[in-house]
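Novice: Okay, so the sequence shown: first residue is 392 according to our numbering, each after it adds one. Think of the CB as a built atom: it goes at the ideal place given N, C-alpha and C, for glycine as much as any other residue. One structure is given below, represented as structure tokens, and several questions about it will come after.
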Amino acid sequence: MTQPQGLFITFEGIDGAGKSTQARALGAWCEAGGREVVLTREPGGSAGAEEIRRLLVEGAPDRWSGETETLLFTAARRDHLERVIAPALEAGKVVICDRFADSTRVYQGAARGELRAFVDTLHALAIQREPDLTLILDMDPEVALSRGLARRSGEDRFEEEGLAFQQKLRAGFLALAEAEPGRCRLIDAGRAPEAITADVIACAQEALR
Ligand code: TYD
Numbered sequence: 392m393t394q395p396q397g398l399f400i401t402f403e404g405i406d407g408a409g410k411s412t413q414a415r416a417l418g419a420w421c422e423a424g425g426r427e428v429v430l431t432r433e434p435g436g437s438a439g440a441e442e443i444r445r446l447l448v449e450g451a452p453d454r455w456s457g458e459t460e461t462l463l464f465t466a467a468r469r470d471h472l473e474r475v476i477a478p479a480l481e482a483g484k485v486v487i488c489d490r491f492a493d494s495t496r497v498y499q500g501a502a503r504g505e506l507r508a509f510v511d512t513l514h515a516l517a518i519q520r521e522p523d524l525t526l527i528l529d530m531d532p533e534v535a536l537s538r539g540l541a542r543r544s545g546e547d548r549f550e551e552e553g554l555a556f557q558q559k560l561r562a563g564f565l566a567l568a569e570a571e572p573g574r575c576r577l578i579d580a581g582r583a584p585e586a587i588t589a590d591v592i593a594c595a596q597e598a599l600r
């Protein structure tokens, strides 16, 4: 039997949009179809990157400058890519990742300062890889924020920045979807989870063909 081709799918969107629930649902669907799946997340996803994650998500919102934060996210991503994502794709697996480089483009590149050139240069040097398919879960930040903060976990460094920040993020993700229609699909996440999952699976089905 020939090995299937690896497929790299990422979920993106503002905090509290339901990415992790949808990532799990897509993983289960892929496995039911006989594919080997690696379900992972950023920041984190490998032992070293999970350690860097703690530096990023805990503490005061102004703990790092935008540049330092971008370096930390990129360091975590590089480790995750080397040790988890790239080997899994080479082995023909489906890798489903909750956030990837688009989060850095939008959070550090646009919403937290004008650092897009810095972000893009670092990505070109240290990461290079883009997903085969990116599912952007779009929803009203007011709804998402009420959900996100309800989950208080000690990891609220970004959520604590409020509604105006989340609205900037949403605009950033919408702009990204428009700029990269070949890779990105925009999904209305303000609906029942089952309806969102149906759209997620339809997009994945297309990519798996
Ligand atoms: P995550 O665990 O996905 O949080 P949530 O489940 O609330 O969406 O990510 C933690 C925070 O890190 C989140 O607010 C988004 C932010 N983030 C960035 O700012 N840049 C990045 O490159 C990534 C991957 C995440």
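Please state the DSSP three-state secondary structure of PHE509.
Specialist: Correct three-state label for PHE509: helix.
Novice: Residue range of the beta strand (DSSP E) that GLU403 falls in?
Specialist: From DSSP, the beta strand (DSSP E) with GLU403 extends over 398-404.
Novice: Would you give the residue range spanned by the beta strand (DSSP E) that LEU611 belongs to?
Specialist: Because the chain here runs from 392 to 600, residue 611 falls outside it and cannot be looked at.
Novice: Opposite ILE487 in the DSSP bridges: which residues?
Specialist: Answer by DSSP bridge pairing, in chain order: ILE400, LEU430.
Novice: Among the residues of its own chain, which have a CB less than 7 Å from the CB of SER437, if the five just before and after it don't count?
Specialist: Around SER437: ASP470, HIS471, ARG474, VAL475.
Novice: Between which residues of its own chain and ASP590 is the CB-CB distance below 6 Å, once the five residues before and five after are set aside?
Specialist: Contacts found: ILE578.
Novice: Helix, strand or coil: how does DSSP classify THR459 here?
Specialist: Note: THR459 maps to helix in three-state DSSP.
Novice: Would you say PRO434 touches the ligand TYD, meaning its beta carbon is less than 8 Å from a heavy atom?
Specialist: Yes, Cβ of PRO434 sits closer than 8 Å to a heavy atom of the ligand TYD.
Novice: Can you look up ILE518 in the DSSP assignment and give me helix, strand or coil?
Specialist: In this structure, ILE518 counts as coil in the three-state DSSP scheme.
Novice: GLN557: which of LEU526, ALA515, MET530 sits nearest, CA to CA?
Specialist: With distances taken between Cα atoms, GLN557 lies closest to MET530.
Novice: Spatial neighbours of ARG538 within its chain, please: C-beta separation below 7 Å, excluding the five flanking residues on both sides.
Specialist: The answer, listed in chain order, is GLY407.
Novice: Report whether the distance from the Cβ of ALA408 to the nearest heavy atom of the ligand TYD is below 8 Å.
Specialist: Flag set: Cβ of ALA408 near the ligand TYD.
Novice: Touching or not, the region 481-490 and the region 439-450, by the rule of three or more beta carbon pairs under 8 Å?
Specialist: No, because fewer than three Cβ pairs between the region 481-490 and the region 439-450 fall closer than 8 Å, the two stretches do not touch.
Novice: When the distance is taken between beta carbons, is CYS575 closer than 9 Å to VAL433?
Specialist: Just to set this straight, residue 433 is Glu in the shown sequence, not Val. Their beta carbons are not under 9 Å apart, which means GLU433 does not touch CYS575 by this criterion.
Novice: Buried or exposed for ASP493, going by 16 or more other Cβ atoms inside 10 Å?
Specialist: Classification for ASP493: buried.
Novice: In three-state terms, what does DSSP make of THR525?
Specialist: Of the three classes helix, strand and coil, the one that applies to THR525 here is strand, per DSSP.
Novice: Going by the beta-carbon positions, is the gap between ALA570 and LEU417 smaller than 9 Å?
Specialist: No, Cβ-Cβ distance for ALA570 and LEU417 is not below 9 Å.
Novice: Applying the criterion that 16 or more other CB atoms from any shown protein chain within 10 Å of the CB defines a buried residue, is GLN499 buried or exposed?
Specialist: It counts as buried.
Novice: Would the region 414-431 and the region 503-518 be scored as touching if the rule is three or more Cβ pairs under 8 Å?
Specialist: Segments in contact, no.
Novice: At a cut-off of 8 Å, is GLU473 close to the ligand TYD when judged by its beta-carbon and the heavy atoms of the ligand?
Specialist: Checking every heavy atom of the ligand TYD against the Cβ of GLU473, none is found closer than 8 Å.
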